[in-house]
Amino acid sequence: MNPVQGASGSQDRAALTQQVKQASDIVAILGSYLTVYPAGGAYKAICPFHNDTRPSLHIDPKWQNFKCWSCGKSGDVFTFVTEFEKISFIEARELLARRAGINLQGSPVENQRRGQMLDAMKWAEATYKECLLDNPMGERARLYLAGRKLNGATIRSFGLGFAPAAGDWLVRAANAKRMDMELLREIGLVALRDDGGYYDRFRDRVMFPIRDARGQTVGFGGRILPDSQFAERGPKYYNSSETPLFFKKELLYGLDVARNAGAKEGYLAVVEGYTDVMMAHQLGVTHVVATMGTALNEAHVRQLRRFVPKVTLVFDADAGGVTGVDRALEIFVGCDVELAIATLPEGLDPFDFLVAQGAEPFQRALGEAVNALDFKLSQLLTKSGDSLDGAKRVVDAILSVMALSPETQGQAGQVKQELLITRLSQRLGLRQETVWARFAELRQAKKKETTRTPQVATPSIESPAVEERRAKPAKPIEKELLQILLAEPALIGEASTQIFPEEIEHPGLQQLLGGLYRLFGLGQPPTVDGLREVVNHAALIEWALENQEIGRMAPDKGAWLKDVLTRFRMDRKELVKKKLMDRLRAAKTENERLDVLREIQDLDRNPEVRAPE
Ligand SMILES: [Zn+2]
């Protein structure tokens, strides 16, 4: 039954509304509609409710509300979504519930279950924590952490705990509290034995609670004590398995505590380990988070993007090698985020680097982070040298990564592409059009479109009518003309005196012919490579290449051109004659009729007819 229609309706509804609101962080939600900029612990954005030029919309993560200083619009996350999406409150609630994974159609019990799971997590966290801080059993873990130079304040603020080696320690603690063991099993803390009993999944491990962006513990990472009897058998780090609460691939360790600092700094730094994050925070560098043992992916970046416009990836100097950077670049291209790469000297990981050198050199390394594209460019340029060939290879390497990324959506994506291409052409000293054309080509190749006549592809600037014409096949004679001229540029001069580009009906071929004439006029080689410079349209270039091949197969291109030119003249004559016949039929006086007849006669006598109109 739908909870919003229940008998105890209003109470359910209020609870549901609250639940949805709690699960919908205002910065995250608004950030998914707008580009939000950090501003001293809060956020701002261009207000979508008036014609805003500067970011007037103020978003307050603490009070979970927004206000526009310019037009006065204000409210909470529901207000925003109803106003922005132009939908009702009920619809907004449904939309936000869906985003938060709260099942409105499902039973209220199901949603309750999630709450119970979070409560069980909270209990486990407190239990492990008590063991670490106050229990004699936690002594070895305390010593281990002290050896790692993590102080009490850090350990407390990250909620660290200890899971003893016994194997049924948590099970017994849970039984004593009459906890629901199935619940603990669902959240991955205990597992079922063959005999039907339960056992602890984490043994002799320091427990790192893993929290979502809102600070709710949704899983644990466990670090085996180095002197443990299990150390040889198990992995050094062991994470909660995927559960209804815990999606390892999306979570970022420390995001709940780093997000505000990130807002102030304008970016978040991403490292690899829990202790990297903890040591950075301990030393006052608090805008640092870690992935859960996976490489940074797009889900991570989408999360981070909600809080900051820029992400800095921290690599060891040696590990920063190839794959990490390539993957980072792919993400950079696909997401609306600025991505920079910081390298630490001497191949130290952030933890060791921080312990050895302190906060300042680490901060400096972050400050010197290089834009991901520039980083990749420098890497490639070092390898390929300064030659034009080298530049081409570099362009291809970068553009291939770009072409791989999903089609960028919307305006933001286009702006991003433009920025990239501009930067690329500047760095390599190539014309932007060249880079664009090559990019379009690679993307086209990826799509493997094999239409013989170019199809529509230019974005939005063309009217539907032009698009429609473009999608239609070109007339054979128009194709032939291009086939000849593409295969034999020496004939372009002759053609250009007799056929105007305007006479070509197909917009794409008209563009190509115009391009060839232009190159010819400029004294540049009127080749397909030349066309790439003047015709920014990948499908057209592809078509040109294909039809150049066809043209090359003809043994006598000069004769073919003469034939084509004759047919053009005849067509033209037919067209003019048709118009004259129309005029003849429409003529109202005898004089008019005679005039038109004279014109028709002239036409038949004169073989040279210029383009009509
Ligand atoms: Zn406004």
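Just so we're aligned: the sequence shown equals residues 0 to 612 in numbering that gives the first Met the number 0. Using N, Cα and C, we set each Cβ at its ideal position, and we do this for glycine too.
For residue 561, the enclosing alpha helix (DSSP H) starts and ends at 556-585. In the three-state DSSP reduction, residue 272 falls in the coil class, being neither helix nor strand. Assigned with DSSP and collapsed to three states, residue 194 falls in coil, not helix or strand. Here the C-alpha atom of residue 186 lies approximately 17 Å from the C-alpha atom of residue 249.
Under the three-state reduction of DSSP, residue 590 is assigned to helix. Taken in chain order, no unbroken stretch of alpha helix (DSSP H) lies wholly in the stretch 208-262 with a span of 4 residues or more. Going by DSSP, residue 314 is part of the beta strand (DSSP E) stretching over 309-315. Not one heavy atom of ligand 1 sits closer than 6 Å to the Cβ of residue 334. Inter-segment contact for the stretch 230-241 and the stretch 214-221 is present: three or more beta-carbon pairs are separated by less than 8 Å. Rounded to whole angstroms, the separation of the alpha carbons of residue 295 and residue 74 is 34 Å.
Between residue 287 and residue 276, the gap from beta carbon to beta carbon is short of 7 Å. Proximity of the beta carbon of residue 66 to ligand 1 is not indicated: no heavy atom of the ligand is located closer than 6 Å. With a cut-off of 6 Å, the C-beta of residue 176 is classified as distant from ligand 1, since no heavy atom of the ligand falls inside that distance. The beta-carbon separation of residue 503 and residue 509, rounded to 4 Å, stays under the 8 Å limit for a contact. With contacts defined by Cβ atoms closer than 7 Å, residue 96 and residue 80 do not form a contacting pair. Per DSSP, the unbroken alpha helix (DSSP H) holding residue 360 starts and ends at 358-366.
For residue 102, the three-state secondary structure derived from DSSP is coil.
Judged by DSSP in its simplified three-state form, residue 204 adopts strand. Out of 83, 557, 370 and 325, the CA that lies nearest to the CA of residue 402 is found in 325. Between the C-alpha atoms of residue 535 and residue 443 there is a straight-line separation of about 13 Å. Secondary structure at residue 73: strand, using DSSP grouped into helix, strand and coil. Nearest in C-alpha terms to residue 379, of all of 366, 364, 395 and 365, is 395.
For residue 239, the distance from the CB to the nearest heavy atom of ligand 1 is not below 6 Å.
Residue 475 has its alpha-carbon roughly 22 Å from the corresponding atom of residue 489.
Three or more beta-carbon pairs drawn from the stretch 198-216 and the stretch 158-167 are found closer than 8 Å, and the two stretches are therefore classed as touching. From the listed residues 191, 184, 260 and 560, the smallest Cα separation to residue 120 is found for 184. For residue 39 against residue 263, the beta-carbon gap comes to about 6 Å, under 8 Å, which counts as contact. Inclusion of residue 48 in the 6 Å shell around ligand 1 follows from its C-beta lying nearer than that to a non-hydrogen atom of the ligand. In the three-state reduction of the DSSP assignment, residue 370 falls in the strand class.
Beta-carbon to beta-carbon, residue 336 and residue 304 are separated by about 5 Å, close enough to satisfy the 8 Å threshold. Relative to the Cα of residue 21, the nearest Cα in the group 77, 480 and 66 belongs to 77. Straight through space, the alpha carbons of residue 389 and residue 543 are spaced by roughly 26 Å. For residue 299, the uninterrupted alpha helix (DSSP H) segment begins and ends at 297-304. Distance from the CA atom of residue 284 to the CA atom of residue 138, rounded to whole angstroms, is 29 Å. Taking all protein chains in view, the Cβ of residue 24 is crowded by 16 or more other Cβ atoms within 10 Å, so the residue is classified as buried. With a threshold of 6 Å, the Cβ atom of residue 73 does not count as near ligand 1, since no heavy atom of the ligand is closer than that.
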